[in-house]
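Residue numbers (my numbering): 384 to 541.
Notes follow once the structure below has been shown.
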Amino acid sequence: MKVLTKTLRLGLVSSISSLAKITGILLPLLILLEIAQEFGWLKKISQALGGLCRRLGLPPQAAVPVAAGLFIGFTYSAGVLLASVKEGDWAQHELTLLWVFLSLSHAIFEDTVIFAALGLPLVALLLVRLVPTFLVTLALAHYFRSRTALPRPADTNL
Numbered sequence: 384m385k386v387l388t389k390t391l392r393l394g395l396v397s398s399i400s401s402l403a404k405i406t407g408i409l410l411p412l413l414i415l416l417e418i419a420q421e422f423g424w425l426k427k428i429s430q431a432l433g434g435l436c437r438r439l440g441l442p443p444q445a446a447v448p449v450a451a452g453l454f455i456g457f458t459y460s461a462g463v464l465l466a467s468v469k470e471g472d473w474a475q476h477e478l479t480l481l482w483v484f485l486s487l488s489h490a491i492f493e494d495t496v497i498f499a500a501l502g503l504p505l506v507a508l509l510l511v512r513l514v515p516t517f518l519v520t521l522a523l524a525h526y527f528r529s530r531t532a533l534p535r536p537a538d539t540n541l
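Okay, here's the thing in structure tokens:
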């Protein structure tokens, strides 16, 4: 019984500690997201990444979650991703494309810096992650367009 109590206590303390760390990271990110939206920075990010998103079959509002996912990964950008998806009008295929893109490339810059610090070639690291990410996402977008009457990227007014 003593071992069980000790194990449960350690698990509870560890869980609370992890929750506090995640909250300490997510809360400032969400505040920064609100500030960025107030100052129009999100619009600038969306415009900068809009062409890329459009080519991948994603709506313009995907730019913010794409940027967050690429730079800080799923764990720390979860709040940003959820807020963007809740605020936007997303089709199911767009959410699927976003999920596929970010699943293959999340935290790409953070991971690349870590591995480059270990001596691996920076360009090769980026190419190994980015090329398959774009190929798979583009192939899936093509598949969705061929199965439905979705507009091609050049045909949209985005």
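Backbone N, C-alpha and C fix where the C-beta goes; we use that ideal spot for every residue, glycine too.
Answer with buried or exposed for Pro448, where buried requires no fewer than 16 other C-beta atoms within 10 angstroms of its C-beta.
buried
Bounding residues of the alpha helix (DSSP H) (the contiguous stretch that carries Phe422): Per DSSP, Phe422 belongs to no alpha helix (DSSP H) and is neither H nor E.
Unbroken alpha helix (DSSP H) run spanning Pro515, endpoints | Residues 505 to 530.
Point to revise | Close Cβ partners of Phe454 (< 6 Å) along its chain, the five nearest in sequence each way excluded | key: Sequence-distant partners of Phe454 (beyond 5 residues in either direction) whose C-beta falls short of 6 Å from its own C-beta, in its chain, are Phe492.
Exercise. In terms of alpha-carbon separation, which member of Glu477, Val483, Lys385, Pro411 lies closest to Gly462?
Worked result: Pro411
> Just to confirm, are Leu505 and Thr495 a CB contact at a threshold of 9 Å?
Replying inline: Going by C-beta atoms, Leu505 is nearer than 9 Å to Thr495.
Task: Leu558 (DSSP reduced to helix, strand or coil) - done: The requested residue 558 does not occur in the structure, where the chain is confined to residues 384 to 541.
Kindly give me the distance between the Cβ atoms of Pro442 and Trp473, rounded to whole angstroms, as I take these residues to be in contact under 8 Å. 7 Å
Next on the checklist: Let me check understanding here. Comparing Cα to Cα, which of Ala499, Ala466, Thr388, Ile399 lies closest to Leu415?
Outcome noted: Ala466
#### Entry: Helix, strand or coil at His476 according to DSSP, with G and I counted as helix
helix
Quiz item: Going by beta carbon distance, what residues of the same chain come within less than 8 Å of Ala431, once the five residues before and after it are set aside?
Solution: Only Ala446 meet the Cβ criterion.
- Task: Reducing DSSP to helix, strand and coil, say where Gly471 ends up.
- Result: coil
- Item | Per-residue burial, Arg392 [other beta carbons within 10 Å of its own, 16 or more giving buried] | exposed
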